[in-house]
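Engineer: Numbering (full-length UniProt numbering), first residue to last: 1 to 342. We put the beta carbon where it would ideally sit given N, CA and C, even for glycine.
1) Identify the continuous beta strand (DSSP E) that holds residue 38 and give its terminal residues.
2) In angstroms with no decimal places, state the Cα-to-Cα distance between residue 26 and residue 113.
3) Could you give the DSSP three-state label for residue 153: helix, strand or coil?
4) I need the straight-line Cα distance from residue 313 to residue 122, nearest angstrom please.
5) Straight-line CA distance for residue 307 to residue 183?
6) Less than 8 Å between the beta carbons of residue 38 and residue 78, yes or no?
7) Within the continuous beta strand (DSSP E) that includes residue 117, where are the two ends?
8) Classify residue 21 as helix, strand or coil using the three-state DSSP reduction.
9) Going by CA-CA distance only, name the one from 211, 232, 233 and 255 that's closest to residue 240.
10) Start and end of the alpha helix (DSSP H) containing residue 85?
11) Helix or strand or just coil, what does DSSP make of residue 121?
12) Out of curiosity, what's the CA-to-CA distance linking residue 345 and residue 249?
13) Whole-angstrom Cβ separation of residue 204 and residue 179, contact assumed at under 8 Å?
14) To the nearest angstrom, report how far apart residue 333 and residue 166 are at their CA atoms.
15) State buried or exposed for residue 256, treating a residue as buried only when at least 16 other CB atoms are found within 10 Å of its CB.
16) Look up residue 75 in the DSSP assignment and say whether it is helix, strand or coil.
17) For residue 172, does the count of other Cβ atoms within 10 angstroms reach 16, so buried, or fall short, so exposed?
18) Can you check DSSP and say which residues form a bridge with residue 318?
19) Expressed to the nearest angstrom, what Euclidean distance is found between the alpha-carbon atoms of residue 15 and residue 33?
20) Quick check: what's the CA-CA separation for residue 273 versus residue 186?
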């Protein structure tokens, strides 16, 4: 039986182009014999297109509501932050990936850190600045240099700066606030950058893939250009001892559950240097990994970290899509009864 599937992509965030690239890969790898596919595009200005034709919001909603499952290939605000997920919940349609709460919490970096820390996971020390707030001299002294300045609710390293002198802070805050008025100033952690993908199978089993190490050749950090213009090299699996590999995988699954995730998650870690005072407030073993960020819908081009992790684990791109789609259908079928729309 053919599954009616809509791929929803684009969006109004600064990651519009990244979303389109993810959707292009998803569409190219879907089995045409298994899926009857509709393409639903949200333009940068919020206008909708269904299978290439302009559509009203009501028409787009009808198309989405008529599907067996929706694959929201959206990144950033207005798509990955629970906004679209709440709309799909209201329509009563199955959809791939995380629900409203996990999407909203995972999009807001300070909220993510609080939830993870409350579950006993290690995160870097940081300060959240509201609009028009500046970093106090006391916080500057406590955090030390360097620090990273990040929009609280944006992805793909948009608006992120590394500050190595406090004189650079005002410009970094201005750049971050172009993406979000709420800003996170976070102490840098010296160590190896490791990503772990988490996948929930249709039977509910949650699995972590082989760790991926990121090495950046010509950039100060893993910024937007390094992510999408070939400035980084991925090593899968990362060269780690078996105990460290298991520890990272266990912590990634723990983060998945701490945030109430479903379907998928990518957890980005720093594996600290043994001689570094990281200022995380951590009193345990220095080898405990530091969670940098999570991504509730990571990049989905064939070259992105998440699909590559599972390719290395023996799950090809098309098979990965099948697992996510079947998982969405199963969760929807087994959820508590709810009128449609609910």
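Structural biologist: With the given structure in hand:
1) 35-42
2) 30 Å
3) coil
4) 26 Å
5) 30 Å
6) no
7) Looking at the DSSP string, residue 117 is not in any beta strand (DSSP E); the run it does join, the alpha helix (DSSP H), is 109-118.
8) helix
9) 211
10) 83-91
11) coil
12) The question about residue 345 has no answer here: the residues shown for the chain are numbered 1 through 342.
13) Not quite, the Cβ-Cβ distance comes to about 36 Å (not below 8 Å), so this is no contact.
14) 54 Å
15) buried
16) coil
17) buried
18) Answer is none; residue 318 lacks a bridge partner.
19) 31 Å
20) 17 Å
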